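Under our numbering, read the sequence shown as residues 1037 to 1133, first letter to last.
Worksheet for the structure shown next.
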Amino acid sequence: MEKKSVPFEKTVFVCTNVREGKAACANPGAGGDEICRALKEAVKEAGLKSKIRVARSGCLDRCAEGPNLFVYPSGEWYSKVAPEDVPALVKKLSDRS
Ligand code: FES
């Protein structure tokens, strides 16, 4: 095992969990997967790819409040995220990069 520093200034974990019969961030129509893809693309377009990593996450245990995402290491948490929130999210992420 090699211990290393985190290679990104920020990592955004976007819940893309899907679950039949119960609320989940990326169930059909919920938007989690679309948000993750849009956020990845927006970070890339903003030239922040080397600083901000957008990663898919499994269930974050706040399923009924989803789609959810959180930012490491700041600990910011966003619930009920919609695809149209992506530009504002990228601005918030880049403001403090
Ligand atoms: S499915 Fe996203 S928080 Fe549980």
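Don't be surprised by glycine CBs; every beta carbon is placed ideally from N, CA and C.
Values in this document were obtained by computation on a predicted structure and should not be read as measured data.
Point to revise | C-beta atoms of Val-1050 and Val-1090 nearer than 8 Å | key: With respect to the 8 Å criterion, Val-1050 and Val-1090 are classified as neighbours on the basis of their beta carbons.
Exercise for review: Tell me the start and end of each unbroken beta strand (DSSP E) in the segment 1079–1121 that is at least 3 residues and wholly inside, in chain order.
Suggested key: 1088–1093 and 1105–1108
Practice item. Return the first residue and the last residue of the beta strand (DSSP E) that Thr-1052 is part of. Key: Per DSSP, Thr-1052 belongs to no beta strand (DSSP E) and is neither H nor E.
Practice item. Please state whether DSSP places Val-1042 in a helix, a strand or coil. Key: coil
Point to revise | Reference Tyr-1114; option with closest CA among Ala-1082, Pro-1103 and Gly-1094 | key: Pro-1103
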